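Undergrad: Residue numbers (my numbering): 21 to 438.
The structure is given below, and queries will be raised subsequently.
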Amino acid sequence: MSPEGNAMSRNGSRPAGVSTVLREVLASGPVARSTVARRTGLSAAAVSGHVAELTAFGLVRALPGVTGGPQRAGRPHVPLDIDTAQHVVGAIHLAVPHATIALLDLRANVLQSARVPHEGRGPHEVLARAADRMLAMMTEHAFERSAIGVGVATGGWVDQDAGTIVEHPVLGWRDVPVRDLLAARTGLPIEADAHSRALIHAERLFGQASGTASVLQLFVGNVVDAAFATADTVQHGPRSAAGAIAHLPVDDSDEPCSCGRRGCLQASVSERALAARAVAGGLLTKPSFMDLLALGEQGSPAAVELFRERARLLGRAVAPVLDLLNPDVVTVVEPGVSRIPGCLAELRDAAAARVSMCRDPRQTLHATSFPATALATAAGAAVLTEFYRNPLSWLRKPRSWNRISSPVRKIDQATESA
Ligand SMILES: [Zn+2]
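The structure is reproduced here in structure tokens:
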């Protein structure tokens, strides 16, 4: 982790000019230098200096063949944009049944993605296989790029500072030093974060929450959790334990929970619970959530109703959270809300019926900006958000693209010398 970036993530201090310029190009590119100067408050000379440095590192490029008007003082209006062709980040998301391995560019576009089933393996073996798969993916699909680092995201309790998965109750993992294990295996810098927190960063940097004052992120998979951010600061709390909503009580649910109680949110709406309900109702012969989702997308009334009920239960359960935090925007990762007509409206109406003072959930609740890639995007954002806080620190340090021992760099050199 970049120490400067970490400090900024906690106390919100002003990032360096070069980071400010890069983030402005990210937010509004293609964009003219003069616009960058106006929006950031930096002088034209300062912007030019930062752009020259960012260009030299392959982070920003001037778009060729575009002029925005007559040349003045010998300088054409050449728009700037993020250079997405030079670098790559690795992404490893750990879900309950499988890991998602992916490669992303600097705009968080997912370049490659694959699923690797856990098949009952423990954390060390799962992480080793994921790391090897990711390195193979890099050498096959990104050999011409330089690797910046690897982001890891998962549900459960992740201590970002310590780089550990403190507890993943559904996987049964405890105190897994994910950063050290993956750094040793890959030779690359590793950033680990809870997937909901990482997704808030993704929404702010690459999605619909750019420039929004406060954001609540809800994640509904086999794990159900949340994260909340104001301004540029995501709430972590002591040992990064903020965001647990798995055991919020749900009305009208008698589902037994691992905590010993009944009717908890996660036990009631998890993918496993929904798939089991579909089997009990004769809709499926085996409890496959993906099969149930396919039926819902095809318009099967019984499948659609299971997803609408899931949305209603979620809306009712989180209403007190909305009143407590009063967020400007709530983004929701739940495939029914993204893909099945009626589910977003059910969610909004159910929450609206239960809240008292917060901004109307029918205006604040939205499906995620990343419906097809939420897991890969979350993992990639874990490292990209730290990269954008202090980009040059990731490139100047020998651990990054100058790293001779990096497997990707080795391939790079082999290709160059071939
Ligand atoms: Zn519970």
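Yeah, the Cβ is synthetic: ideal placement off N, Cα and C, and Gly gets one too.
Keep in mind that this is a model prediction, so the values were computed, not measured.
Looking at the unbroken beta strand (DSSP E) that takes in A214, where does it start and where does it end?
TA: I210 to A214
Undergrad: Could you tell me if G49 is buried or exposed, where buried requires 16 or more neighbouring beta carbons within 10 angstroms of its beta carbon?
TA: Buried: at least 16 other Cβ atoms inside 10 Å.
Undergrad: Just confirm the distance between the C-beta atoms of L364 and L326, as a whole number of angstroms; I'd bet it's less than 8 angstroms.
TA: Actually they are not in contact, since the Cβ atoms of L364 and L326 sit about 16 angstroms apart, beyond 8 angstroms.
Undergrad: Determine the closest residue to L268 out of P99, G142, G335 and T351, with distance taken between C-alpha atoms.
TA: G335
Undergrad: Going by Cα to Cα distance, which pick from G301, R292 and M377 is closest to M310?
TA: R292
Undergrad: Name the DSSP bridge partner or partners of I168?
TA: BP columns for I168 are empty, so no partner.
Undergrad: Measure the beta-carbon distance from P143 to V196 and round it to whole angstroms, keeping in mind my assumption that it falls under 8 angstroms.
TA: 4 angstroms
Undergrad: Drop a sphere of 10 angstroms on the beta-carbon of Q383, count the other beta-carbons inside from all chains shown, and report buried for 16 or more, exposed for fewer.
TA: exposed
Undergrad: Is the beta carbon of A392 less than 8 angstroms from the beta carbon of H113?
TA: no
Undergrad: If you reduce the DSSP assignment to three classes, tell me which class E187 lands in.
TA: strand
Undergrad: According to DSSP, F407 sits in a beta bridge with which residue or residues?
TA: None, per the DSSP bridge assignment.
Undergrad: Please confirm whether V352 and L367 have their CB atoms less than 8 angstroms apart.
TA: Annotated as proximal: V352 and L367, with beta-carbon spacing under 8 angstroms.
Undergrad: Sorry if obvious, but does the Cβ on R141 come closer than 7 angstroms to a heavy atom of ligand 1?
TA: no
Undergrad: Express the C-alpha separation of V186 and L219 in angstroms, rounding to a whole number.
TA: 19 angstroms
Undergrad: For the stretch 257 to 308, list the alpha helix (DSSP H) runs that are entirely contained and at least 4 residues long, ordered along the chain.
TA: 285 to 289 and 291 to 300
Undergrad: I'd like to check one pair, V109 with G69: are the Cβ atoms closer than 8 angstroms?
TA: no
Undergrad: CB R409 to CB S39, shorter than 8 angstroms?
TA: yes
Undergrad: Going by the beta-carbon positions, is the gap between A148 and S133 smaller than 8 angstroms?
TA: no
Undergrad: Which residues does DSSP list as the beta-bridge partners of L439?
TA: Past the edges of the chain, shown from 21 to 438, lies residue 439, and the structure says nothing about it.
Undergrad: Check whether the Cβ of H267 sits closer than 7 angstroms to any heavy atom of ligand 1, and report yes or no.
TA: yes
Undergrad: Using only the heavy atoms of ligand 1, determine whether one of them is closer than 7 angstroms to the beta carbon of R281.
TA: yes
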